[in-house]
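Enquirer: Residue numbering for the sequence shown follows our numbering, beginning at 201 and increasing consecutively.
We put the beta carbon where it would ideally sit given N, CA and C, even for glycine.
Owing to the predicted nature of the structure, the values given are computational and were not obtained by experimental measurement.
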Amino acid sequence: MEGLGAFAQGTFSSRSLTSGRPFLSQALCWNALIMNLHPFRIKPFVGCLASLGKLNGFILIMGMLAACRDSERLSRVDAPADLTLAAATDTAGYPSEVIQWEKKLEPIHAAIEGFWDALNQQPDPWAVLQTVGIKNWYHGSWSPFRVLDHGVHIRRMGEPKVEKGASHWELLLHTGREEEWQIEATQWRHVAFSTATSDRWPMSKIAFECFAKSPKRLKRYIIRGFLRVGWNMHEEPLRPETVYLEQVEWVEREGITPFEYVMAADVSPSVEARVLEPNLQVVDLDGDQLPEMVLSRVNQIFWNAGQGRFRRGALSSFLPGNLQHGLFAEFSGDAHMDYMAMSGEGLFLFEGHGTPGFPSPPRKQAIFNDLAENPFVLSAGDIDGDSDLDLWMGQYKVPYQGGQMPTPFDDANDGYPAFLMINDGRGVFSDQTSASGLSSKAFRRTYSGSLVDLDRDRDLDLVVVSDFAGMDVYENDGFGRFVDRTLPWLGVSKGFGMGHLIRDLNRDGLLDLWMIGMHSPAADRMLSCPMWNVATEPMRQRIQRMN
Numbered sequence: 201m202e203g204l205g206a207f208a209q210g211t212f213s214s215r216s217l218t219s220g221r222p223f224l225s226q227a228l229c230w231n232a233l234i235m236n237l238h239p240f241r242i243k244p245f246v247g248c249l250a251s252l253g254k255l256n257g258f259i260l261i262m263g264m265l266a267a268c269r270d271s272e273r274l275s276r277v278d279a280p281a282d283l284t285l286a287a288a289t290d291t292a293g294y295p296s297e298v299i300q301w302e303k304k305l306e307p308i309h310a311a312i313e314g315f316w317d318a319l320n321q322q323p324d325p326w327a328v329l330q331t332v333g334i335k336n337w338y339h340g341s342w343s344p345f346r347v348l349d350h351g352v353h354i355r356r357m358g359e360p361k362v363e364k365g366a367s368h369w370e371l372l373l374h375t376g377r378e379e380e381w382q383i384e385a386t387q388w389r390h391v392a393f394s395t396a397t398s399d400r401w402p403m404s405k406i407a408f409e410c411f412a413k414s415p416k417r418l419k420r421y422i423i424r425g426f427l428r429v430g431w432n433m434h435e436e437p438l439r440p441e442t443v444y445l446e447q448v449e450w451v452e453r454e455g456i457t458p459f460e461y462v463m464a465a466d467v468s469p470s471v472e473a474r475v476l477e478p479n480l481q482v483v484d485l486d487g488d489q490l491p492e493m494v495l496s497r498v499n500q501i502f503w504n505a506g507q508g509r510f511r512r513g514a515l516s517s518f519l520p521g522n523l524q525h526g527l528f529a530e531f532s533g534d535a536h537m538d539y540m541a542m543s544g545e546g547l548f549l550f551e552g553h554g555t556p557g558f559p560s561p562p563r564k565q566a567i568f569n570d571l572a573e574n575p576f577v578l579s580a581g582d583i584d585g586d587s588d589l590d591l592w593m594g595q596y597k598v599p600y601q602g603g604q605m606p607t608p609f610d611d612a613n614d615g616y617p618a619f620l621m622i623n624d625g626r627g628v629f630s631d632q633t634s635a636s637g638l639s640s641k642a643f644r645r646t647y648s649g650s651l652v653d654l655d656r657d658r659d660l661d662l663v664v665v666s667d668f669a670g671m672d673v674y675e676n677d678g679f680g681r682f683v684d685r686t687l688p689w690l691g692v693s694k695g696f697g698m699g700h701l702i703r704d705l706n707r708d709g710l711l712d713l714w715m716i717g718m719h720s721p722a723a724d725r726m727l728s729c730p731m732w733n734v735a736t737e738p739m740r741q742r743i744q745r746m747n
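(1) With three or more beta-carbon pairs closer than 8 Å as the criterion, would you say the stretch 430-444 touches the stretch 481-491?
(2) Can you find at least 3 beta carbon pairs, one from the stretch 580-595 and one from the stretch 645-653, that sit closer than 8 Å?
(3) Could you tell me the boundaries of the beta strand (DSSP E) in which Leu408 lies?
(4) Going by C-alpha to C-alpha distance, which of Gly513, Asn320, Pro323, Tyr616 sits closest to Ser640?
(5) Would DSSP call Ile312 helix, strand or coil?
(6) By Cβ distance, which residues of its chain are closer than 7 Å to Lys416, with the 5 residues on each side in sequence left out?
(7) Sort out for me which residues DSSP pairs Asn432 with in a bridge.
(8) Which word fits Trp172, buried or exposed, when buried means at least 16 other C-beta atoms lie within 10 angstroms of its C-beta?
(9) If we call anything under 8 Å between Cβ atoms a contact, is Trp755 one with Ile312?
(10) Quick one: Cα of Trp301 to Cα of Ser728, how far?
(11) Going by DSSP, what residue range makes up the alpha helix (DSSP H) through Asp324?
(12) Can you give the Cα-Cα distance for Tyr539 and Glu530, rounded to whole angstroms?
(13) Per DSSP, what kind of secondary structure is Asp590 in: helix, strand or coil?
(14) Take Lys419 and list the residues in its own chain whose beta-carbon comes closer than 6 Å to its own, dropping the five residues that flank it on each side.
(15) Could you please give the first and the last residue of the uninterrupted alpha helix (DSSP H) stretch that includes Leu687?
(16) What is the DSSP secondary structure of Leu305, reduced to helix, strand or coil?
(17) By DSSP, does Asp661 sit in helix, in strand, or in coil?
(18) Take Asp611 as the anchor and find which of Pro730, Val391, Gln481, Thr686 has the nearest alpha-carbon.
(19) For Ser636, collect the residues of the same chain with a Cβ closer than 7 Å to its Cβ; drop the 5 residues on either side in sequence, then sort them by chain order.
(20) Helix, strand or coil for Leu727 per DSSP?
(21) If distances are taken between C-alpha atoms only, which option among Gly678, Gln330, Ser470 comes closest to Gly376?
(22) If the criterion is Cβ atoms closer than 8 Å, does the pair Ser613 and Tyr596 meet it?
(23) Thr397 to Met403, Cα distance in whole Å?
(24) For a test of the three-state rule: what should DSSP assign to His374, helix, strand or coil?
(25) In three-state DSSP terms, what is Ile299?
(26) Would you mind sorting Arg658 into buried or exposed? The rule is 16 or more other CB atoms within 10 Å of its CB.
(27) Would you identify the three-state DSSP class for Pro721, choosing helix, strand or coil?
(28) At the level of alpha carbons, what is the spacing between Ala722 and Phe393?
(29) Could you check the C-alpha separation between Pro730 and Ser666 for me, to the nearest Å?
(30) Restricting to runs no shorter than 3 residues, where is the beta strand (DSSP E) found entirely within the stretch 598-647?
(31) Quick check: the Cα distance between Lys361 and Val298, rounded to an integer number of angstroms?
(32) Whole angstroms is fine: what's the gap from Asn479's alpha carbon to Ser468's?
(33) Ordered along the chain, which non-local residues of its own chain (more than five positions away) have a Cβ less than 8 Å from that of Glu449?
(34) Using DSSP bridges, identify the partner residues of Pro575.
(35) What are the start and end residues of the beta strand (DSSP E) that includes Val391?
(36) Rounded to whole angstroms, what's the CA-CA distance from Ala514 to Val598? Just pull it up for me.
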């Protein structure tokens with residue numbers, strides 16, 4: 201199967217349990233073909249893959265096309281008076297020239313986003329496409345279809361050497377209507393720009409992706425690639441003069457949808473909730489070998505009755521307000537499944553008694569000393585070899601909160617503190633962050649983390665992924681003391697870290713790390729700015745890698 205299928209609420213190893221931020225991968229696009237297609241809104245990201253042995257490793261940047269945005273009404277965009285940029289003088293080390301270049305592109309951004317918003321909002325997207333009025337467009341020849349798993353077919357377009365006019369554009373739209381295509385979702389990102397020359401228009405490079413289906417033919421489609429658009433700056437509203445289709449892929453699957461809805465439930469957060477996601481966890485809580493679905497932040501559990509049937513109930517009557525995270529594991533030493541909940545107030549241990557549910561009030565520990573502002577990540581594992589589960593908690597601090605800029609932007613350690621908590625075997629925890637050697641980078645803006653054995657010495661090491669920093673890894677000595685091994689094990693691992701996956705991806709018997717980061721089309725565009733050549737090389741490399 202092409203691409204990586206990645207999905208996780210956290211990670212799990214034979215000796216560790218982790219809860220972290222959920223993330224998406226190419227599996228999202230793949231599953232869109234197999235399952236019902238619906239419009240979605242997800243954060244764009246870039247993937248980073250690192251293969252770890254003892255000290256060997258490699259890092260592979262993987263670009264992902266995945267971005268959706270909320271809709272606004274389409275509005276008229278006035279063309280800028282001039283997009284021919286004067287030569288910069290004495291700009292070495294001054295990125296303000298690049299910012300001014302980006303500001304000149306705002307009318308083009310508005311035109312692209314207005315088109316995108318109209319597609320999202322209008323009940324008839326074909327009518328929106330009709331208004332584009334493309335005069336000249338160029339495409340390549342299609343390769344033969346290649347058959348992939350699950351009945352998926354893929355083909356690719358060659359270089360755009362075939363010229364077509366407005367009449368062919370009209371014919372294409374007419375064919376789409378006749379075939380009863382339903383456009384489910386589209387994505388358009390302005391990733392590069394070049395100014396006008398004597399023989400061509402100003403050109404934009406736009407990454408696009410279209411999800412569609414044809415009930416008439418029982419087919420679902422993904423069409424993705426790049427558009428190179430030449431703008432006629434003398435027309436109002438701004439419209440494309442020429443369009444080149446580049447690196448286009450056509451993916452399709454024929455047949456009935458193999459999945460169907462079995463139930464629907466409202467999992468909306470409360471008005472007071474600090475976190476919007478319901479925190480989905482899948483675990484067998486009653487010992488019948490059928491996993492339940494738990495959404496702890498909205499206090500809901502769906503008991504699995506088998507054959508796709510679920511019974512809805514409450515997790516507990518005693519959940520703390522503003523619950524941030526939780527883990528199902530055995531913490532109290534009685535061999536029964538417990539539930540460890542976490543909020544800014546502290547830890548709440550709901551002890552299991554071998555029966556379904558948690559009917560008793562929890563044991564509370566105010567362990568964070570009022571420093572738990574935004575608990576974001578919780579991972580459990582035996583880090584000191586005493587056969588009970590300890591805890592590591594990381595926090596996320598929103599950028600620009602209180603006017604604070606993450607500093608430095610690629611190595612920020614100015615967030616809320618992380619905590620390493622040691623279990624005494626009965627579910628009572630003590631803060632051992634400093635004693636464990638984890639205090640030097642404890643103030644990362646953490647998005648995910650896992651306790652996992654990276655170096656195959658049978659103790660749990662620590663992986664931390666943070667915004668405005670990237671990935672950090674720490675080696676455990678087997679007794680709960682950690683040493684920072686980020687540089688020797690990973691090399692450069694900077695990124696706007698949003699999550700990670702731990703898995704043997706290349707089937708060599710070693711665990712690999714896949715880190716995802718926040719993508720920025722604006723940074724892409726600024727990298728295409730000719731004035732960016734005057735920026736210092738290390739700065740350019742950092743931004744390029746982190747984008």
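Expert: In this structure, then:
(1) no
(2) As far as the Cβ criterion goes, the stretch 580-595 touches the stretch 645-653, which means the pair count is three or higher.
(3) Locating residue 408 in the sequence shown gives position 208, counting from the first residue. The sequence given here places Phe at residue 408; Leu does not occur at that position. Element bounds for Phe408: 403-414.
(4) In the sequence shown, the residue the question calls residue 640 occupies position 440. For Ser640, the nearest C-alpha among the options comes from Tyr616.
(5) Within the sequence shown, residue 312 is the residue found at index 112, counting from 1. Here Ile312 sits in helix by DSSP.
(6) Along the sequence shown, one-based indexing puts residue 416 at 216. For Lys416, where only same-chain residues beyond five positions count, the Cβ hits under 7 Å are Glu379, Glu380.
(7) Looking up residue 432 in the sequence shown gives position 232. Beta-bridge pairing links Asn432 to Arg439.
(8) Because residue 172 is not part of the residues shown, which for the chain are 201 to 747, the question remains open.
(9) Here the chain has residues from 201 to 747 only, and residue 755 is not among them.
(10) What you label residue 301 is simply residue 101 of the sequence shown in a count that begins at 1. What you label residue 728 is simply residue 528 of the sequence shown in a count that begins at 1. About 11 Å.
(11) As a first step, residue 324 is located in the sequence shown; it is residue number 124 there, counting from the start. Segment: none, Asp324 is in no alpha helix (DSSP H) and carries neither H nor E.
(12) Translated into the one-based positions of the sequence shown, residue 539 becomes position 339. Translated into the one-based positions of the sequence shown, residue 530 becomes position 330. Answer to the nearest angstrom: the Cα atoms are 8 Å apart.
(13) Locating residue 590 in the sequence shown gives position 390, where the first residue counts as 1. Of the three classes helix, strand and coil, the one that applies to Asp590 here is strand, per DSSP.
(14) As a working note, residue 419 is residue 219 in the sequence shown. Answer for Lys419: Glu452, Glu454, listed in chain order.
(15) As a working mapping, residue 687 is identified with position 487 in the sequence shown. Where Leu687 is concerned, the enclosing alpha helix (DSSP H) stretches over 686-690.
(16) As a first step, residue 305 must be located in the sequence shown, where it is residue number 105. Leu305: coil per DSSP, three-state reduction.
(17) Taking the sequence shown and counting its residues from 1, one reaches residue 661 at position 461. Of the three classes helix, strand and coil, the one that applies to Asp661 here is strand, per DSSP.
(18) The count along the sequence shown starts at 1 and reaches residue 611 at position 411. Among Pro730, Val391, Gln481, Thr686, the Cα nearest to that of Asp611 belongs to Thr686.
(19) Sequence index remark: in the sequence shown, residue 636 carries index 436 (1-based). The residues are Leu620, Gly680, Arg681, Phe682.
(20) Here residue 727 is taken as the residue at index 527 of the sequence shown, counted from 1. If DSSP states are grouped into helix, strand and coil, Leu727 belongs with the helices.
(21) Position 176 of the sequence shown, counted from the start, is the residue given in the question as residue 376. Cα-wise, what sits closest to Gly376 is Gln330.
(22) For the purposes of this step, residue 613 is identified with residue 413 of the sequence shown, where counting begins at 1. For the purposes of this step, residue 596 is identified with residue 396 of the sequence shown, where counting begins at 1. Before going on, a small fix: residue 613 reads as Asn here, not Ser. Their beta carbons are not under 8 Å apart, which means Asn613 does not touch Tyr596 by this criterion.
(23) By 1-based counting over the sequence shown, the position of residue 397 is 197. By 1-based counting over the sequence shown, the position of residue 403 is 203. Distance between the alpha carbons of Thr397 and Met403 is about 10 Å.
(24) By 1-based counting over the sequence shown, the position of residue 374 is 174. Three-state DSSP puts His374 in a helix.
(25) Locating residue 299 in the sequence shown gives position 99, where the first residue counts as 1. Note: Ile299 maps to helix in three-state DSSP.
(26) Taking the first residue of the sequence shown as 1, we reach residue 658 at position 458. It counts as exposed.
(27) By one-based count along the sequence shown, residue 721 stands at place 521. In this structure, Pro721 counts as helix in the three-state DSSP scheme.
(28) Numbered from 1 along the sequence shown, position 522 holds the residue referred to as residue 722. Numbered from 1 along the sequence shown, position 193 holds the residue referred to as residue 393. Between Ala722 and Phe393, the C-alpha separation is close to 11 Å.
(29) Counted from its first residue, the sequence shown places residue 730 at position 530. Counted from its first residue, the sequence shown places residue 666 at position 466. Straight-line Cα distance between these residues: approximately 31 Å.
(30) Complete beta strand (DSSP E) runs here, min 3: 619-623, 629-631.
(31) The residue given as residue 361 occupies position 161 in the sequence shown. The residue given as residue 298 occupies position 98 in the sequence shown. One C-alpha to the other measures close to 33 Å.
(32) Walking along the sequence shown from the start, residue 479 turns up at place 279. Walking along the sequence shown from the start, residue 468 turns up at place 268. Rounded to the nearest angstrom, the two C-alpha atoms are 11 Å apart.
(33) Numbered from its first residue, the sequence shown carries residue 449 at position 249. These residues qualify, in order along the chain: Ile354, Arg355, Arg356, Met357, Ile422, Ile423, Arg424, Gly425.
(34) Looking up residue 575 in the sequence shown gives position 375. Its beta-bridge partners are Gln595.
(35) In the sequence shown, the residue the question calls residue 391 occupies position 191. 382-394 is the extent of the beta strand (DSSP E) around Val391.
(36) Looking up residue 514 in the sequence shown gives position 314. Looking up residue 598 in the sequence shown gives position 398. Each residue's Cα considered, the two are about 31 Å apart.
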